[in-house]
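Residue numbers for the sequence shown follow the numbering used here, so the first one is 47 and each next one is one higher.
Structure first, then comments.
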Amino acid sequence: MKIFKKKKCKICKNKPGTRFCLRKGFNICWEDCNILRVDEKCPDECDYHLQNSDIMQLKGKSDSQMEYIDLLKKQMDIWVNKPQKIFQDKIPVTMAESSDGRKKIVDFLSQFKVNPIVPLSYLKERLSLDDLKVVSNPQTYEDIAVEFVQNLYTNEWVKAASFMTNHNYWIAHEMEDEFIKIISNNKVIKKINNFDLISSALTKEKDQALVYFDINNKFDLTISLQLTNDHWNIRSLIIGKPELFNSESEAIQQIAILLSKNETTKAFELLSKYSSIYIMSSDFEYYWGLYHTFNKKQPKAEHHFLQALILDPAFIEAKYNYAFIQHSSGNLEFAKKLYYEIIDNAPNEPKTLNNLASMFIDEKKYEEAEELLKRCIKNNPEFEIAQQNLERLGKLTG
Ligand SMILES: [Zn+2]
């Protein structure tokens, strides 16, 4: 986590100065970049320079839809005040004073097939073009991300939770409070007093998106979203830049290797580091659980396996470990319930089938036990413990 303040825009002295301006010779924010570049006089060498753009057709780079829409509005502001060839060099704002002029502008604009995110309503309002048909702008993944961060900023945790992919599951299983604890206790999240959208990106399939925010001019926050049934939900949060999104699986692998080699000190260091970045990762919670299991800290292990399950209710290994802790601490009915939930989703999970069978052996329910063990061995012939249990069962019933 960075402690030093990041660069501010040298023009507004307020927003993050995320790009270097070749015209000014210092860092500026994207809003001020738009103000400058819309005159199309920026040098070609700048990635953000604009050239020969027609109305609503910008040829230039934007880091987010928000920036693109802002730029279109600024372009519209210029367009309405300049003589336009298409109107025999008349100026749109002057034309808009008469109904005939307004009709000409409406006819001209109506021939375009505009992308729904283009703020045509802005132009409509600007020139009082009552007859211009405008489709309402769709809610984008950026809008959802902004609304979500807005809720974090105002500490409206319940509302924020409703944006999450697993929200329905949490409600059904009375787990929403657990999630709220995770998010509201985060050091960065609970102290948001200012946020700015910096950039966003969409996958090729257009079903996943990342939206990157600056927080308090100090921290980075990346929100990952998923499109399900035409609706954007929030999948996870990363305290860091969007690039870190792709390194998560590598980081998980690193931890898995360290733990398998029993290098617990190094594993502890990396787990601490990564879990402060990937704050909603069920995997790191799971590995914390394993870490504490290795160190025989059962209550801590139990806590982390449960966190992993809140973050990803379909996480079989986390559920198994959580169930096993219940089993070995004597919460037999609860353990059994969890084991059954596991085999509902993973019908041949060997450890679960075997553990359930041994519970039945203890209860002298030998037929149930035999059925489970046979099912286990049939699908997992290599699993020796089940074989041994079946032999034990043979001796008990023989
Ligand atoms: Zn600025």
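Using N, Cα and C, we set each Cβ at its ideal position, and we do this for glycine too.
Asked	Found
Secondary structure of C67, DSSP reduced to three states	strand
Cβ separation of K287 and Y258, assumed to be a contact under 8 Å, to the nearest whole Å	7 Å
Span separating the alpha-carbon of I389 from that of R438	23 Å
L104 to P162 span [Cα, whole Å]	15 Å
Nearest-angstrom Cα separation, counted from I298 out to K307	14 Å
Straight-line Cα distance separating L169 from I74	27 Å
Completely contained alpha helix (DSSP H) runs for the segment 398-440, where each covers 4 or more residues	412-425
Close beta carbons around S328, own chain, < 7 Å, minus the five adjacent residues each side	A354, L357, D358, F361 and A364
Continuous alpha helix (DSSP H) assignments of at least 4 residues falling wholly in the segment 127-215	138-141, 145-156, 166-172, 187-199 and 203-207
Host alpha helix (DSSP H) of Q97 (start-end)	Premise fails: Q97 is in no alpha helix (DSSP H) and is neither H nor E.
First and last residue of the uninterrupted beta strand (DSSP E) at H277	H277 to I284
Beta-bridge pairing of L273 - partner residues as DSSP gives them	W278
Close beta carbons around P62, own chain, < 8 Å, minus the five adjacent residues each side	K52, K53, K54, C55, C75, D242, I244, D260 and N263
Cβ shell of S404 (< 7 Å), same chain only, five flanking positions each side left out	N435
Cβ shell of L82 (< 8 Å), same chain only, five flanking positions each side left out	C67, R69, K70, I74 and C88
Proximity of Q300 and L273 at Cβ, strictly below 9 Å	no
Contacting residues, own chain, Cβ-Cβ under 6 Å from K48 (five flanking each side not counted)	At K48, the pLDDT of 47 sits below 50, so the modelled position is not reliable; the number obtained from the coordinates is stated separately. The answer is none, since no qualifying residue turns up.
Best match in D223, D100 and K159 for proximity to I132 [C-alpha to C-alpha]	D100
Beta-carbon proximity check, Y366 vs K397, cutoff 9 Å	yes
The alpha helix (DSSP H) enclosing A360, as first and last residue numbers	A360 -> no alpha helix (DSSP H), and no H or E assigned at all.
Heavy atom of ligand 1 within 8 Å of E77 beta-carbon	yes
Rounded C-alpha distance that separates K443 from Q344	The amino acid occupying residue 443 in the given sequence is Thr; Lys does not appear at that position. The alpha-carbon atoms of T443 and Q344 are separated by roughly 35 Å.
Beta-bridge pairing of I74 - partner residues as DSSP gives them	R65
Neighbour-count burial assignment, F225, 16 or more Cβ in a 10 Å radius	buried
beta-carbon C88 near ligand 1 non-hydrogen atom, thresh 8 Å	no
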